[in-house]
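What follows is a single structure, written as structure tokens, with notes after it.
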Amino acid sequence: MTKNLGQIDQEAQYKGNGSIIQILKHFRTGFRTRLAHPESIAQNMKPSSRLIILASAVFLSACATMFPQAVAVGDSEADVIARRGQPTYRYQDGKDRLLEYKMGPWGQRTYMARIGPDGRVVSFEQVLTTQKFATIKVGEATKNDVLKTIGGPSETSYLPLRDLEVWSYPYKEADVWNSLMHVHFDRSGVVQQMMNGPDPRFDPDRRFPFSMMR
Numbered sequence: 099m100t101k102n103l104g105q106i107d108q109e110a111q112y113k114g115n116g117s118i119i120q121i122l123k124h125f126r127t128g129f130r131t132r133l134a135h136p137e138s139i140a141q142n143m144k145p146s147s148r149l150i151i152l153a154s155a156v157f158l159s160a161c162a163t164m165f166p167q168a169v170a171v172g173d174s175e176a177d178v179i180a181r182r183g184q185p186t187y188r189y190q191d192g193k194d195r196l197l198e199y200k201m202g203p204w205g206q207r208t209y210m211a212r213i214g215p216d217g218r219v220v221s222f223e224q225v226l227t228t229q230k231f232a233t234i235k236v237g238e239a240t241k242n243d244v245l246k247t248i249g250g251p252s253e254t255s256y257l258p259l260r261d262l263e264v265w266s267y268p269y270k271e272a273d274v275w276n277s278l279m280h281v282h283f284d285r286s287g288v289v290q291q292m293m294n295g296p297d298p299r300f301d302p303d304r305r306f307p308f309s310m311m312r
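For reference, each letter of the sequence shown is one residue, going 99 to 312 in our numbering.
Shown next as structure tokens:
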């Protein structure tokens, strides 16, 4: 039986549509299988996709660390820990408790939460500031006083010629300049000098490989 060109085109189109239908059915079946077994999605996921998901999780975690939830006066200690995590250190100041939170990629911020005897926040402030440093009295303040005022140092050193221990605190002077405050203690642990200067980590001439040229 001779077929005309119209019939041939119709049959070809039908076969083509049939192939497309089979493909769609196969895709639908596979999609349902993946919904029923989500673990197969992770197993078949390309390495690049996994890296993207991992990077996204790290980014969200970093954002949570750099931009934590606010703490308000009157919040409970449990609220502070829920929003900020466990403190880097705890201090006792009379009947109050101090929770220290070191923050920032360069350690330029330290928040101190003061918890009253009733377990509620009395104050919550960033303590690495010029104003806070000014409250430390040379010749009177002890190491314990410094810890309760501005928290623990980012770095410690010793000056053998002067026989002084130095605690260094990176901070943003006037919220602009990358600086270091050095607190000097004598052998008895009393502050003898407060001295600030530029933070060498932000000096391009001191960064590798430029530092090798000096």
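From the three backbone atoms N, C-alpha and C, an ideal C-beta is built for every residue, glycine too.
Remember, predicted model here, so these are calculated numbers, not experimental data.
Limits of the unbroken beta strand (DSSP E) element including residue i
i, result
"residue 207", "207 to 213"
"residue 229", "Unbroken run through residue 229 is the alpha helix (DSSP H), 228 to 231; no beta strand (DSSP E)."
Bridge partner(s) assigned by DSSP for residue i
i, result
"residue 197", "188 and 211"
"residue 324", "As displayed, the chain neither begins before 99 nor continues past 312, which places residue 324 out of reach and without an answer."
"residue 238", "Note: residue 238 sits in no beta bridge, so no partner."
"residue 252", "BP columns for residue 252 are empty, so no partner."
"residue 221", "212"
"residue 262", "257"
"residue 283", "263 and 289"
Identity of the residue in the options nearest residue i by Cα
i, options, result
"residue 211", "205, 220, 203 and 276", "220"
"residue 258", "187, 205, 174 and 284", "284"
"residue 249", "281, 276, 218 and 216", "281"
"residue 216", "174, 254, 185 and 290", "174"
"residue 241", "189, 199, 207 and 218", "189"
"residue 255", "176, 218 and 279", "279"
"residue 316", "223, 198 and 206", "Lying outside 99 to 312, the shown extent of the chain, residue 316 is not represented and no answer is given."
"residue 201", "247, 276, 226 and 292", "226"
"residue 269", "171, 180 and 206", "206"
"residue 294", "204, 245, 275 and 181", "275"
"residue 204", "288, 303 and 277", "277"
Opening and closing residue of the alpha helix (DSSP H) in which residue i lies
i, result
"residue 169", "Taken as a continuous stretch (DSSP letters only), residue 169 belongs to no alpha helix (DSSP H), as it is neither H nor E."
Check your understanding: With a cut-off of 8 Å, do at least 3 Cβ pairs link the stretch 233 to 240 to the stretch 264 to 273?
Key -> Touching, no.
Review point. Does the count of Cβ pairs from the stretch 226 to 233 and the stretch 173 to 193 closer than 8 Å reach three?
Key: Judged by Cβ distances under 8 Å, the stretch 226 to 233 makes no contact with the stretch 173 to 193, as fewer than three pairs qualify.
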